[in-house]
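Trainee:
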Amino acid sequence: MNILLAGGAGYIGSHTAVSLLDAGHDVIIADNFANSSPVAVERVREVSGKPVTCYRADVCDKAAMERIFQENNIDCIVHFAALKGVGESVEIPVAYYRNNIDTTLTLLECMAKFGVRNMVFSSSATVYGDENPIPYAETMRRGSSSHPYGWTKIFMEQIFEDAAKADPNLSVVLLRYFNPIGAHPSGRMGEDPRGVPNNLMPYISQVAVGRREKLTVFGGDYPTPDGTCRRDYLHVMDLAEGHLEAVEYAAAHKGAEAFNLGTGTPYSVLEIIRAFETATGVSIPYAIGDRRAGDLPEFWADASKAERVLCWTAKRDLTEMCRDTWNWQSHNPKGYEE
Ligand code: NAD
Ligand code: WQD
Numbered sequence: 000m001n002i003l004l005a006g007g008a009g010y011i012g013s014h015t016a017v018s019l020l021d022a023g024h025d026v027i028i029a030d031n032f033a034n035s036s037p038v039a040v041e042r043v044r045e046v047s048g049k050p051v052t053c054y055r056a057d058v059c060d061k062a063a064m065e066r067i068f069q070e071n072n073i074d075c076i077v078h079f080a081a082l083k084g085v086g087e088s089v090e091i092p093v094a095y096y097r098n099n100i101d102t103t104l105t106l107l108e109c110m111a112k113f114g115v116r117n118m119v120f121s122s123s124a125t126v127y128g129d130e131n132p133i134p135y136a137e138t139m140r141r142g143s144s145s146h147p148y149g150w151t152k153i154f155m156e157q158i159f160e161d162a163a164k165a166d167p168n169l170s171v172v173l174l175r176y177f178n179p180i181g182a183h184p185s186g187r188m189g190e191d192p193r194g195v196p197n198n199l200m201p202y203i204s205q206v207a208v209g210r211r212e213k214l215t216v217f218g219g220d221y222p223t224p225d226g227t228c229r230r231d232y233l234h235v236m237d238l239a240e241g242h243l244e245a246v247e248y249a250a251a252h253k254g255a256e257a258f259n260l261g262t263g264t265p266y267s268v269l270e271i272i273r274a275f276e277t278a279t280g281v282s283i284p285y286a287i288g289d290r291r292a293g294d295l296p297e298f299w300a301d302a303s304k305a306e307r308v309l310c311w312t313a314k315r316d317l318t319e320m321c322r323d324t325w326n327w328q329s330h331n332p333k334g335y336e337e
């Protein structure tokens, strides 16, 4: 298939590009590099040994996107293009709503105009909101979010469901990612956040490589086994491979359908620190600090639907997630910046 990756130069998109190329698909990337580097696309070519067409384009820009649809015979879209900073979305909510909703609407309009019927969407565990019991299952209703980023994902899922209801030819797979970490085993690709990392694993790996002094653990008094928050961390290559199954599923089905992509097993912040230290031999200085506003004590996936319907399960364990993160970070201490 010819697969358009909107936002494909980013962390998850670039790893997914390699998995799709390895499986024999052709990949076209459209990215404005708002939160990524063209070097990541070079690395996708290098690691896969395959050509990749790449456009520097804003996915909100309808004229630019129409040109891409015109020039490529697209069978399916994977839509990664979004701003993803939870805290930043509270500071600049309008920019988040504009970017994340507009990319989605532009892609849906292009799909209608050019007869493209299949879409895989990067959704998030955040759509379960604050109210649902754990583990989260796809049968639960979407919740409400404590931040604009989460609302953009909730709204976009709703938009896709409405579009699929109105157009019986449309097929949309809503992939609800849990907490992706890790990197490609080659050490040539990985997560490269701009500025101070918001997320746990990139922060740990930047402490390990000496870019940050110590980790602050956000809260040690949660009602969890060791007092720190628990999350469902999954290897980014497992997540990437989930997209292969989702693309096939979209091609064979109609309507909008959601799937959790997680392992079903939670780990605490302290367990992650210990696993990283054991896997890499590098010690991580840390201090327990205040809770971070908006953090839930714990959540993880009921991962059984993806296994039953998509025949997908996460295969890589926490040691592999830590080892591959460190392999990437230690060989690329400044990320994609040479
Ligand atoms: P990322 O920031 O690395 O990748 C997103 C990519 O989209 C970037 O390359 C960015 O430049 C691009 N982009 C953003 N707006 C664009 C626009 N208007 N036009 C063109 N390109 C644009 O983030 P990621 O971690 O790879 O996440 C990918 C998707 O998965 C996002 O939609 C994110 O919300 C979702 N998601 C991520 C996580 C996570 O923990 N990383 C968890 C759940 C869901
Ligand atoms: C994990 C745990 C922190 C940093 C976020 C989004 C979610 C999804 C994935 C996109 C938490 C703790 C973190 C640090 C810490 N993204 N932590 N010190 O918050 O589960 O999820 O990314 O959809 O929507 O909210 O991930 O990696 O930020 O945090 O103690 O410096 O690590 O409190 O318990 P989170 P995270």
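Residue 93 in numbering that gives the first Met the number 0 is what sits at position 94 of the sequence shown, and the numbering runs on without skipping anything. C-beta: ideal position from N, C-alpha, C; glycine also.
Under a three-way DSSP split, which group does Ala-62 fall into?
Mentor: If DSSP states are grouped into helix, strand and coil, Ala-62 belongs with the helices.
Trainee: Answer yes or no: do Thr-151 and Asn-198 have a C-beta to C-beta separation smaller than 9 Å?
Mentor: Not in contact: Thr-151 and Asn-198 (Cβ atoms no closer than 9 Å).
Trainee: When you compare only the Cα positions, how much space is there between Val-171 and Thr-262?
Mentor: Cα-Cα distance, rounded: 22 Å.
Trainee: Could you check if Ser-121 belongs to the surroundings of the ligand NAD, using beta carbon to heavy atom distance under 8 Å?
Mentor: Yes, since a heavy atom of the ligand NAD falls inside the 8 Å radius drawn around the Cβ of Ser-121.
Trainee: Short of 7 Å in beta carbon distance, which residues of its chain neighbour Gly-48, apart from the five on each side in sequence? Order them along the chain.
Mentor: Taken in chain order, the list of residues that qualify is empty.
Trainee: Use the C-beta contact count for His-330: other C-beta atoms within 10 angstroms, 16 or more gives buried, fewer gives exposed.
Mentor: Exposed is the call here.
Trainee: Could you round the C-beta distance between Val-115 and Ala-245 to whole angstroms and report it? I think they count as a contact, below 8 Å.
Mentor: In fact, because the Cβ distance is near 16 Å, the residues do not count as touching under 8 Å.
Trainee: For the ligand NAD, is there any heavy atom lying closer than 8 Å to the beta carbon of Asp-231?
Mentor: Checking the Cβ of Asp-231 against the ligand NAD gives no.
Trainee: Roughly how many angstroms lie between the CA atoms of Ser-13 and Asn-34, to the nearest whole one?
Mentor: In a straight line, the C-alpha of Ser-13 is about 12 Å away from that of Asn-34.
Trainee: Round the Cβ separation of Leu-243 and Leu-260 to the nearest angstrom and send it over; I've been treating them as touching at under 8 Å.
Mentor: So it is not a contact: roughly 12 Å between Cβ atoms.
Trainee: So is the beta-carbon of Met-320 under 8 Å away from any non-hydrogen atom of the ligand WQD?
Mentor: Outside the cutoff, so no.
Trainee: Measuring straight from C-alpha to C-alpha, what distance separates Trp-325 and Phe-258?
Mentor: Distance between the alpha carbons of Trp-325 and Phe-258 is about 29 Å.
Trainee: Take the Cβ of Asp-220 as the centre, count every other Cβ of all protein chains shown within 10 Å, and call the residue buried at 16 or more, exposed below.
Mentor: Exposed: under 16 other Cβ atoms inside 10 Å.
Trainee: Among Ala-300, Asp-57, Asp-323, which residue has its Cα nearest to the Cα of Thr-312?
Mentor: Comparing Cα-Cα distances from Thr-312 to each of Ala-300, Asp-57, Asp-323, the minimum goes to Ala-300.
Trainee: Taking contact to mean at least 3 C-beta pairs separated by less than 8 Å, is the segment 133-144 in contact with the segment 204-224?
Mentor: The segment 133-144 vs the segment 204-224: no contact.
Trainee: Within a Cβ cutoff of 8 Å, which residues of the same chain sit near Pro-332, ignoring the five residues on either side of it in sequence?
Mentor: Excluding sequence neighbours, Pro-332 sits near Val-208, Gly-209, Arg-210.
Trainee: Taking 8 Å as the cut-off, is the beta-carbon of Ala-29 closer than that to any non-hydrogen atom of the ligand NAD?
Mentor: Yes, the Cβ of Ala-29 comes within 8 Å of a heavy atom of the ligand NAD.
Trainee: In three-state terms, what does DSSP make of Pro-179?
Mentor: Of the three classes helix, strand and coil, the one that applies to Pro-179 here is strand, per DSSP.
Trainee: Run the CB neighbour count on Glu-130, radius 10 Å, all protein chains shown included, and call it buried at 16 or more, exposed below.
Mentor: It counts as exposed.
Trainee: Please state if the CB of Thr-264 and the CB of Asp-231 are separated by a distance shorter than 9 Å.
Mentor: For Asp-231 and Thr-264, yes; Cβs fall inside 9 Å.
Trainee: Run the CB neighbour count on Asn-168, radius 10 Å, all protein chains shown included, and call it buried at 16 or more, exposed below.
Mentor: Under this definition Asn-168 is an exposed residue.
Trainee: Ordered along the chain, which non-local residues of its own chain (more than five positions away) have a Cβ less than 7 Å from that of Val-46?
Mentor: Result list for Val-46: Val-17, His-183, Ser-185, Arg-187, Met-188, in chain order.
Trainee: So Cys-59 and Thr-102 are in contact, right, with Cβ under 8 Å, and what is the actual spacing, rounded?
Mentor: At roughly 6 Å, the Cβ-Cβ gap stays under 8 Å, so Cys-59 and Thr-102 are in contact.
Trainee: State the start and end residues of the unbroken beta strand (DSSP E) segment that holds Glu-247.
Mentor: Run containing Glu-247: none in the beta strand (DSSP E); it sits in the alpha helix (DSSP H), 235-251.
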